[in-house]
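Right, one structure below, let's go through it.
In the working numbering, the protein residues as written are 11 to 197.
Next up, the structure:
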């Protein structure tokens with residue numbers, strides 16, 4: 011999932027600093043189409059990677075991905091879109107590719123360190139655990155555990171899904187606002 015953040019940052023930065031970018035924003039194409047095209051390109055490439063990883067999880071590690079494909083796929087796509095959009099936001103706000111790459115790496119590290127990957131939420135200080143419980147990674151891993159290990163239904167992880175969807179909607183609104191402002195400023 012972190013590759014979504016880094017890949018979308020680099021791809022967007024390369025597109026924004028491409029000589030054809032000025033031509034793109036002068037063309038009679040709405041900024042939504044341009045930004046959506048960048049997101050679609052990133053998403054298709056990341057979906058290919060997610061598909062390979064899910065196949066490895068199914069056949070090498072023996073997880074029951076096939077029987078829970080819709081739920082696991084939906085959560086994976088939510089995370090991929092969220093981190094891709096976050097990467098695009100970084101790219102639109104930062105001027106150089108080096109700064110954008112460094113910033114996206116530090117943000118990914120922050121998400122990782124404030125997740126339950128290294129330390130259980132119960133073992134964290136109360137303040138850190140309070141913040142970490144709303145980390146998209148923690149929400150997604152909690153939902154995936156409920157699906158894959160405990161075979162629970164939608165009702166048990168619906169709150170996590172709704173919070174992830176809310177994050178995605180907010181991130182999309184921020185991205186569209188920033189993209190519109192940047193395109194207007196370039197003209």
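Backbone N, C-alpha and C fix where the C-beta goes; we use that ideal spot for every residue, glycine too.
None of these values were measured; they are calculated from a predicted model.
In terms of CA proximity to residue 76, 158 leads the group 19, 136 and 158. Rounded to whole angstroms, residue 144 and residue 17 show a C-alpha spacing of 24 Å. Under the DSSP assignment, residue 114 falls in the alpha helix (DSSP H) whose first and last residues are 107-123.
Under the three-state reduction of DSSP output, residue 74 falls in the coil class, being neither helix nor strand. Taking C-beta separations shorter than 7 Å and ignoring five residues to either side along the sequence, the partners of residue 192 in its chain run 102, following chain order. Boundaries of the alpha helix (DSSP H) harbouring residue 156: 146-158, taken from the DSSP string. Between the stretch 148-168 and the stretch 78-88 there are three or more C-beta pairs closer than 8 Å, enough to call the two in contact. Counted as a single uninterrupted DSSP element, the alpha helix (DSSP H) harbouring residue 67 occupies residues 41-69. Residue 22 has its alpha-carbon roughly 11 Å from the corresponding atom of residue 104. Residue range 136-142 is occupied by the alpha helix (DSSP H) that includes residue 140.
Look at the beta carbons and you see the stretch 110-118 not touching the stretch 133-147: under three pairs across the two are nearer than 8 Å. Taking all protein chains in view, the Cβ of residue 19 is crowded by 16 or more other Cβ atoms within 10 Å, so the residue is classified as buried. For residue 81, the uninterrupted alpha helix (DSSP H) run begins and ends at 79-103, by DSSP. With 16 or more other Cβ atoms from the protein chains shown falling within 10 Å of its own Cβ, residue 93 counts as buried. Per DSSP, the continuous alpha helix (DSSP H) segment holding residue 25 begins and ends at 12-26. Look at residue 165 here: in three-state DSSP terms it is helix. Straight-line measurement puts the Cα of residue 45 at about 7 Å from the Cα of residue 189.
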